[in-house]
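Numbering (our numbering), first residue to last: 873 to 1513. Positions of the beta carbon are idealized from the N, C-alpha and C atoms, including for glycine. Here the structure is a predicted model, which is why all the values come from computation and not from measurement. For reference, the structure discussed in these notes is given below.
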RNA sequence: GCCAGCGUAGCUCAGCGGUAGAGCAACUGAUUCGUAAUCAGUAGGUCGGUGGUUCAAUCCCACUCGCUGGCUCCA
């Protein structure tokens, strides 16, 4: 063993220390620890506790609570403190797992009764006590047998199960006070390194995420380096509430969902229906431009057809059924069947392919009650669905074309997103070979085009693997929108063929794909993304005319007519209210332009526009203004009316 | 579907054993106003639904419908 070790620091400098010096001690020597900001070290790029003694030289850097890794350590340690508190307050509560997550942490417990929101206060109080005790987090390593015995003795069956399922022979433990947890670490040096935390909620959660298992009680919380950062986070949550599409849907008069009509069934009000119509028109135009044919299938199809497609076996619990003239029907949960029948209605030649059938198809899916959520998760929705039938040789080009389509559209709406490749799920149909082909095709297009993607094992559709694009709502929750699904199986089941150059019949490949996904969900995400302040071309109301007094109404009518003639979506507010009041209301309705008309404007034959951002534009000629904003309704270079 | 919380006027919410209140909105009147809320008055509720306990239920209990946050599942 060396006596002296050499440590290099991120700035390139190095320094010698006696072997066995701890990361913490070096920090003190180098004044790294003032402000308590340092929560862990990173030796040769591996996160370690500050208390770890260094026996070998290497690269050392410090992790502060401000960094992503540091924040995660802070939160993870806070979850241990919470677990200790819960066990002290609720005797007999057993611990399961308690990781740091995106905005905080949680810990799962098994207790004879569920925790309530009121219990959180008791836990928070106990946590503060534990923090004040300044208990050190102490790491130790034990072998498998000792770890199992320890947790058996402590009556922690979940920990024992975890240890049994890990292949490792050595296990690290972290102790603080009387509490001990199985944990990889690293952790803060002491409980009093936690400065600002908040418990945010309770929820049930299945042990190991499997609904066949027992439901545990999960407590969520978050922690920050200081009170200011915590308050900032809580404020961001408040702001997110103001962008909530359910709230804006009501405030902007877009849609409603009624208990008496049914859960998960959206009712569109005039402005919401208009917004949706604009999106639908946009979709039809863009699909026709890209070589798709618009088709339309029926809402119900005979049960035998769903049996043939495999939906009955794999999707039955999500389907609605009905019976007409002694004949059973299934209400469509997907649009593919009719498209298959269109394909089969005639003999297809390789010269016909690819065939791209597009449908704004309304589908019904029986979603479990607990998952319904505003527009994001509903029971009746309309997809911008298409099915592409092509030769195996055309497959990759088709996938590439769809990805480009998605990229253009997401760019237009200014969404950031990541692509995700989902592979074969447990419940699925088709041969291994077909799945490998399909998965390989999707993956190679992503790779060849240098598109970064994550892999989600086992998350494919029952008939094939897929590439998904998830968009985030105001709270950062991801919702799947666009998806590209490769299917070698349905063409087989329906015996789809085309005649090739050799005069023989061949099997086409099929792609299922959506760009926006479900219009309902997309609108939900869109509303939150723009906070209701839609781009001009999408705004259900593009401008509102606000005359100052009654004597300006006649002139205001002229302006209104002029805007109408140019096909702008214009409204007028002639209410007997002060200007400031009506401006405020128009602003809350997120109307892009307010056209103010008073004596000055009438005299100079103009209008005084004001933007919803609160910017006053100079008094100007009506025609000039309308001409100027025509460019704002251009989408992909085309004016959208 | 599971866990927890919640359903009171159009909206946001207070009240919690003795059958209901506020602000905003609505309506009426006055005010005709220059860039984010003019003033006054009026009206509005089988307290989500169905049962039960009680002399008495918006309040307690059960069931049910719906909503919210999670879990599982999914566009």
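Identified DSSP bridge partners for residue i
i: residue 1174; result: 1201
i: residue 967; result: 981
i: residue 819; result: Any question about residue 819 goes unanswered here, given that the chain covers just 873 to 1513.
i: residue 1236; result: 1252
i: residue 1443; result: 1416
i: residue 1185; result: The partner list for residue 1185 (beta bridge, DSSP) is empty, contrary to what the question assumes.
i: residue 1342; result: 1290, 1352
i: residue 1245; result: 1249
i: residue 930; result: 879
i: residue 1221; result: 1371
i: residue 1196; result: 1199
Proximity winner among the options, relative to residue i (alpha-carbon distances)
i: residue 989; options: 1071, 1429, 928; result: 1071
i: residue 1462; options: 1276, 1020, 1180, 1400; result: 1400
i: residue 1394; options: 1513, 1037, 969, 1345; result: 1345
i: residue 1182; options: 1130, 1131, 1334, 1418; result: 1334
i: residue 1460; options: 1125, 944, 1288; result: 1125
i: residue 965; options: 1063, 1203, 1002, 1031; result: 1031
i: residue 1303; options: 1272, 1328, 1213, 1362; result: 1362
i: residue 1367; options: 1325, 1381, 1354; result: 1381
i: residue 1138; options: 1150, 1121, 877; result: 1121
i: residue 1411; options: 878, 1387, 1432, 1506; result: 1506
i: residue 1263; options: 1047, 1355, 1378; result: 1378
i: residue 1408; options: 1327, 1341, 1347, 1498; result: 1498
Beta-carbon proximity of residue i to residue j, cut-off 7 Å
i: residue 910; j: residue 936; result: yes
i: residue 960; j: residue 998; result: yes
i: residue 1159; j: residue 1259; result: no
i: residue 1479; j: residue 1485; result: no
i: residue 1246; j: residue 1454; result: no
i: residue 1451; j: residue 1417; result: no
i: residue 972; j: residue 947; result: yes
i: residue 958; j: residue 924; result: no
i: residue 1232; j: residue 1152; result: yes
i: residue 1043; j: residue 1019; result: yes
i: residue 1063; j: residue 1003; result: yes
i: residue 1222; j: residue 1370; result: yes
i: residue 1236; j: residue 1187; result: no
Residue environment, residue i, which counts as buried when at least 16 other CB atoms sit within 10 Å
i: residue 1085; result: exposed
i: residue 1397; result: buried
i: residue 1373; result: exposed
i: residue 1424; result: buried
i: residue 1196; result: exposed
i: residue 882; result: exposed
i: residue 1147; result: buried
i: residue 984; result: exposed
i: residue 1207; result: buried
i: residue 890; result: exposed
i: residue 1243; result: exposed
i: residue 1058; result: buried
i: residue 1113; result: exposed
i: residue 1103; result: exposed
i: residue 1024; result: exposed
i: residue 1081; result: exposed
Straight-line Cα distance separating residue j from residue i
i: residue 926; j: residue 1053; result: 24 Å
i: residue 1007; j: residue 886; result: 33 Å
i: residue 962; j: residue 1022; result: 20 Å
i: residue 907; j: residue 987; result: Residue confidence is low: residue 907 scores 49 on pLDDT, short of 50, so the model does not pin down where it sits. Its coordinate-derived value is still stated next. Computed Cα separation, rounded: 36 Å.
i: residue 1014; j: residue 1055; result: 12 Å
i: residue 1109; j: residue 1351; result: 18 Å
i: residue 1300; j: residue 1338; result: 13 Å
i: residue 1436; j: residue 1442; result: 7 Å
i: residue 1144; j: residue 995; result: 45 Å
i: residue 1446; j: residue 1501; result: 23 Å
i: residue 1076; j: residue 1090; result: 6 Å
i: residue 1324; j: residue 1293; result: 10 Å
i: residue 1512; j: residue 1130; result: 33 Å
i: residue 1225; j: residue 1200; result: 34 Å
i: residue 1229; j: residue 1107; result: 46 Å
i: residue 933; j: residue 1012; result: 23 Å
i: residue 1096; j: residue 1142; result: 44 Å
i: residue 1241; j: residue 1209; result: 27 Å
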